[in-house]
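To start, the structure itself, in structure tokens.
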Amino acid sequence: MNGQYKALWLNDDDDLEVIDQRYLPFEKKTRILITAHDACEAIQDMTVRGAGVIGNVAAFGVYLAAREFEGDKSQIKQTAMKIRVSRPTAVNLMWAVDRMLNIVAQSDDVIHDCKAEAMAIADEDVLRTQKIGKIGCDIIENIMVERKINQFNILTHCNAGWLAIIDSGSALAPIYEAHKRGIAIHVWVDETRPRNQGASLTSWELLDAGISHTIIPDNTGGHLMQQGKVDMVITGADRVALNGDAANKIGTYLKALAAKDNNVPFYIALPISTFDFECDNGVSDIDIEIRSEDEVHLMRGIDKHGNVQNIRITPEGSAAINYSFDVTPARLITGLITEAGLIAPNKNAIGKLK
Ligand code: MRU
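Numbers 0 to 353, taken from numbering that gives the first Met the number 0, label the letters of the sequence shown in order.
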């Protein structure tokens, strides 16, 4: 690998260049991150998002700190700890920073070794997502044979594609693989209020890949499942506890409930770096990020003159609350699709991955 990944890359100046996801689907812009502070800000303001890519930007952020502070270990560590708390829920962030800190502690050539480690994490993510794609697609094919269907309808929530984890995504990886294998697949894309990662990012990815999809308001999934129009639900995850409880974008839990009620298999796709082996119980122990209420009050869109606008959709004076994630209990999850295979959502199976 050469450090050129779809969602981020090191440019000719060795700065980190990322797709600025805040402008999609209307404009494809990039942002150049030169300092560790830039990396931290990009994670916080959602220039980059999605558990995997947050981890990559954090890892490269530690490299930028190493460069900035000319290898001064104590300044690098201090800065790395700031990056480590830039968002609370996606555990890939902490996992990636801890891996980088390990290198900082051991290395005699910190700048060189931090760059190599950040690239190693990214290279590994590419391979992990390819494996997840193949394993997930085998599951899709088995369901199709079992149910004797030749068209597969799959529902996903939020964005767990290559914008969220390089280079194939987690939940979208089996979908990309199915498309590659010539399977007739159609994706129901939850719009994913309040930031609309489904409507603006997942749809953008699928359109670009030529994969059939339909954007649906978040409340539509249950109805579609009752009508037999969903063969599988698949989402990514931001943190999965030892007991199999999975934190993902707010609204995932409701989809899992509807899936259970309608006997629709509900899978979570994730790299092993998304497990939090220190967390015994996801529902009670995972820290859920609360973001600005403006994300609820304001909607971003494009007007008929092609201008991107933020418009208010709520009365001035009404309060809003913006929980960014929820936790789906393990009992609602059919299986966890990882690079190590299909894992049962329980302590016994997950504990073996440690
Ligand atoms: O707030 P976001 O957009 O970072 O939330 C992202 C999600 O919930 C994704 O579905 C999740 O990270 C899984 S993809 C690696």
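Heads up, the beta-carbon is just placed ideally off N, CA and C, and yes, glycines get one too.
Runs of alpha helix (DSSP H) lying entirely within the segment 235-261, each at least 4 residues, in chain order: With a minimum length of 4 residues, the continuous alpha helix (DSSP H) runs that stay inside the segment 235-261 are 251-260.
Asn309 - containing beta strand (DSSP E), residue span: Val307 to Arg311
How would you write the range of the beta strand (DSSP E) that Asn152 sits in, first residue to last? For Asn152, the enclosing beta strand (DSSP E) covers residues Phe151 to Thr155.
In whole angstroms, what separates the C-alpha of Ile184 from that of Gly160? 16 Å
Would the beta-carbon of Asp237 be found less than 7 Å away from any heavy atom of the ligand MRU? yes
For Ala177 and Gly197, I'd like the C-alpha separation in whole angstroms. 19 Å
Does the Cβ of Gly305 have 16 or more other Cβ atoms within 10 Å, making it buried, or fewer, making it exposed? exposed
Comparing alpha-carbon positions, which option in Phe265, Ile332, Arg98 and Asp302 lies nearest Arg83? For Arg83, the closest of Phe265, Ile332, Arg98 and Asp302 by C-alpha to C-alpha distance is Arg98.
Any heavy atom of the ligand MRU closer than 7 Å to the beta-carbon of Lys130? no
Among Ser211, Val56, Ala57 and Ile75, which one has its Cα closest to the Cα of Ala65? The residue with the shortest Cα to Cα distance from Ala65 is Ile75.
In the DSSP assignment, what residue or residues form a beta bridge with Val17? For Val17, which the question treats as bridged, DSSP gives the partners Leu7 and Arg30.
Within the same chain, show all residues whose beta-carbon is closer than 6 Å to that of Ala57, passing over the 5 residues directly before and after it, in chain order. Ile82, Leu92, Ala95 and Val96
Between Asp14 and Glu67, what straight-line distance do the alpha-carbon atoms span, to the nearest angstrom? 11 Å
With DSSP as the reference, label Phe276 as helix, strand or coil. coil
Exposure of Asp260, with buried meaning 16 or more beta-carbon neighbours within 10 Å: exposed
Taking only three categories from DSSP, how would you classify Thr219? Thr219 falls in the helix class under three-state DSSP.
Can we say the segment 208-218 touches the segment 136-145, given the rule of at least three CB pairs closer than 8 Å? no
Residue span of the beta strand (DSSP E) that contains Gly227, given as start and end: Looking at the DSSP string, Gly227 is not in any beta strand (DSSP E), and its letter there is neither H nor E.
Would you give the residue range spanned by the alpha helix (DSSP H) that Tyr300 belongs to? The residue asked about is misnamed: residue 300 is Gly in this sequence, not Tyr. Segment Leu297 to Ile301 is the beta strand (DSSP E) holding Gly300; no alpha helix (DSSP H) there.
For a test of the three-state rule: what should DSSP assign to Gly160, helix, strand or coil? coil
Going by beta carbon distance, what residues of the same chain come within less than 8 Å of Ile320, once the five residues before and after it are set aside? Ile289, Glu292 and Val295
C-beta atoms of Ser199 and Leu23 nearer than 8 Å: yes
Would you mind listing the beta strand (DSSP E) stretches within the segment 131-211 that are 3+ residues and don't spill past its ends, in chain order? 151-155 and 184-189
What three-state label does DSSP hand Thr78 in the structure shown? The answer is helix: DSSP assigns Thr78 an H, G or I state.
Give me the Cα-Cα distance between Asp230 and Ala41, rounded to the nearest whole angstrom. The alpha-carbon atoms of Asp230 and Ala41 are separated by roughly 36 Å.
In whole angstroms, what separates the C-alpha of Met118 from that of Asp11? 15 Å
Whole angstroms is fine: what's the gap from Ile249's alpha carbon to Thr155's? 13 Å
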